[in-house]
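In this note's numbering, the protein residues as written are 20 to 507.
Glycine included, each C-beta is placed from N, C-alpha and C at the ideal position.
To keep things clear, I will list the structure first and then write my remarks on it.
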């Protein structure tokens, strides 16, 4: 019998086998390997640990296969196929929601067993059971699903993963706008400074779809700039004067001189906090400042801070009594300004985001070392009050914001958290009555969010960034007052 005759007579059965081998791709190494970088990043594990985990899952599935595969001979093929499909689906769902290495290992075991193992086993065994004279042709036809899955199937998976990543990063609604934006002429954005933070900004500007022009005083950064997607590199700031907007992330001590040069160009500017390194510099720049100078107060774009602000404004937990913010870690890569100038702007911008204003400074004490201030404990306002501790002398990293209200406390435990912890109860509440509520939010990267807002504003499609120069100046004035209180 020819292949054509066999296809005509047994097309449904052959299609059944081919479809099973195609979908076995979900358990095959070539497809799972595409998710390795994301899994390693999520779990914080090395290639060695991941490889060991994958090997254990594969060997475990191999030892299970003879026992579970033998049930094919004793079960109706429909019921057996349903069992295999449900096992594969369970493995995929488990992997998609896994946040722990053990759960990932179990998911891999399921995918390797039901995908790579039993899907192929079911297809080939079915061909062997129902074909006699043309068994070889039938098995050869069914196994065509393997190369089909390896070629266009893997590419479809990659595109799908990229789509899901984009949806998770910017949201479905914003993604549609982003696609529309990519179909129009690209915004020409100048990035001044390609240091540690500048690299992250360059990465996100390219993701957003901007045409990136980099300016850095070090010619050695040229190669990195082009590797990250820049279309131009220069050590001369004046090469950026005809662009659509500028992002300034050079050292704080250079902001004043750079802003003096670029402000007369009257193009939108997004400058990293703090705007400048002193109150005197900020006041000297004021006559040059125009309406399109904005400050990168990244925490105002953090979804957790925005939810805390909603709780405060709605008085969901009663009137706001106060807020406590702790920002600490061991040392800092910043050497141009001290720890207070580096860290305190974050917490003051959080106060503005939640309270709607900056309370008046009441008390401050600094941790003074011979060469530099390395921390501050500050109290602002009275009703509501705010207590802020910033330090580069903690042995651990701490980023916690606590909103204290009359009938409860809402806590953002960490900058990377995807939820708030809420505890309800008034001043008479007892420990045994304490209940924890987890309020989830979409942890969109705040850096990406603020850059997207800036680009949307420049293109004429969105609102301006959340912090203008006046707010940046207010933050600097507040820091100046706190330093004066601490060191009169």
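Distance check for residue j and residue i, CA to CA, integer angstroms please.
i           : j           : result
residue 506 : residue 480 : 46 Å
residue 189 : residue 463 : In this predicted model, residue 189 has a pLDDT of only 47, less than 50, meaning its place in the structure is not dependable; the value taken from the coordinates is given anyway. One C-alpha to the other measures close to 7 Å.
residue 477 : residue 230 : 13 Å
residue 504 : residue 301 : 20 Å
residue 334 : residue 242 : 52 Å
residue 110 : residue 440 : 30 Å
residue 488 : residue 332 : 24 Å
residue 461 : residue 146 : 47 Å
residue 141 : residue 121 : 28 Å
residue 385 : residue 318 : 23 Å
residue 198 : residue 223 : Per-residue confidence for residue 198 stands at a pLDDT of 48, beneath the threshold of 50, marking its modelled position as unreliable; the derived number appears in the next sentence. Looking at the two C-alpha atoms, the distance is approximately 15 Å.
residue 47  : residue 96  : 23 Å
residue 51  : residue 83  : 20 Å
residue 374 : residue 358 : 24 Å
residue 271 : residue 355 : 7 Å
residue 200 : residue 228 : Because residue 200 carries a pLDDT of 49, less than 50, the predicted location of this residue cannot be relied on, and the following value inherits that uncertainty. Cα to Cα, residue 200 sits roughly 8 Å from residue 228.
residue 321 : residue 279 : 30 Å
residue 455 : residue 434 : 19 Å
residue 38  : residue 247 : 40 Å
residue 240 : residue 233 : 9 Å
residue 432 : residue 144 : 54 Å
residue 168 : residue 112 : 20 Å
residue 249 : residue 42  : 39 Å
residue 337 : residue 351 : 38 Å
residue 458 : residue 236 : 45 Å
residue 31  : residue 100 : 15 Å
residue 449 : residue 118 : 33 Å
residue 303 : residue 290 : 16 Å
residue 4   : residue 105 : There is no way to answer for residue 4, as the model of the chain reaches only from 20 to 507.
residue 108 : residue 45  : 10 Å
residue 367 : residue 413 : 20 Å
residue 399 : residue 468 : 29 Å
residue 35  : residue 486 : 59 Å
residue 298 : residue 502 : 11 Å
According to DSSP, is residue i helix, strand or coil?
i           : result
residue 203 : Below a pLDDT of 50, predicted positions are generally treated as unreliable, and residue 203, at 46, falls in that range; no measurement from the model is reported.
residue 287 : coil
residue 194 : Since pLDDT at residue 194 reaches only 47, below the 50 mark, its modelled position is unreliable, and no value is offered.
residue 518 : With the chain running from 20 to 507 in the structure shown, residue 518 is simply not present.
residue 380 : strand
residue 393 : strand
residue 213 : coil
residue 264 : strand
residue 387 : strand
residue 237 : coil
residue 312 : strand
residue 353 : coil
residue 295 : coil
residue 249 : coil
residue 189 : Only weak support exists for where residue 189 lies, its pLDDT of 47 falling under 50; the value from the coordinates is given anyway. Looking at residue 189 - three-state DSSP - the assignment turns out to be helix.
residue 503 : helix
Taking the alpha helix (DSSP H) that residue i falls in, what are its first and last residues?
i           : result
residue 82  : 66 to 88
residue 281 : 271 to 281
residue 43  : Taken as a continuous stretch (DSSP letters only), residue 43 belongs to no alpha helix (DSSP H), as it is neither H nor E.
residue 365 : 358 to 374
The beta strand (DSSP E) spanning residue i covers which residue range?
i           : result
residue 405 : 404 to 410
Any heavy atom of the ligand MN closer than 7 Å to the Cβ of residue i?
i           : result
residue 505 : In the structure on display, the ligand MN does not appear, and there are no ligands present to speak of.
**Study point:** Complete alpha helix (DSSP H) runs within the region 414 to 497 (minimum length 4 residues, chain order)
**Key:** 465 to 477
Check your understanding: Taking only runs of the alpha helix (DSSP H) that begin and end inside the region 94 to 181, which ones reach a length of at least 4 residues, in chain order?
Key -> 96 to 116, 120 to 129, 139 to 149, 154 to 161 and 164 to 167
Exercise for review: Kindly provide the ranges of any beta strand (DSSP E) runs that are 3 or more residues long and lie completely inside the region 315 to 349, ordered along the chain.
Suggested key: 339 to 349
Check your understanding: Is the region 333 to 352 touching the region 288 to 299, taking contact as three or more C-beta pairs under 8 Å?
Key -> no
Check your understanding: Is the region 251 to 264 touching the region 484 to 499 in the sense that three or more CB pairs, one from each, lie closer than 8 Å?
Key -> no
Point to revise | Touch test, the region 407 to 414 against the region 349 to 364, Cβ-Cβ under 8 Å, three pairs minimum | key: yes
Check your understanding: If you pair each beta-carbon of the region 366 to 383 with each one of the region 444 to 454, do three or more pairs fall below 8 Å?
Key -> no
Point to revise | the region 76 to 92 contacting the region 129 to 140, beta-carbon criterion three pairs below 8 Å | key: With a cut-off of 8 Å, the region 129 to 140 and the region 76 to 92 count as touching, because enough Cβ pairs lie within range.
Check your understanding: With contact counted as at least three CB pairs below 8 Å, one residue from each stretch, are the region 261 to 269 and the region 210 to 220 in contact?
Key -> yes
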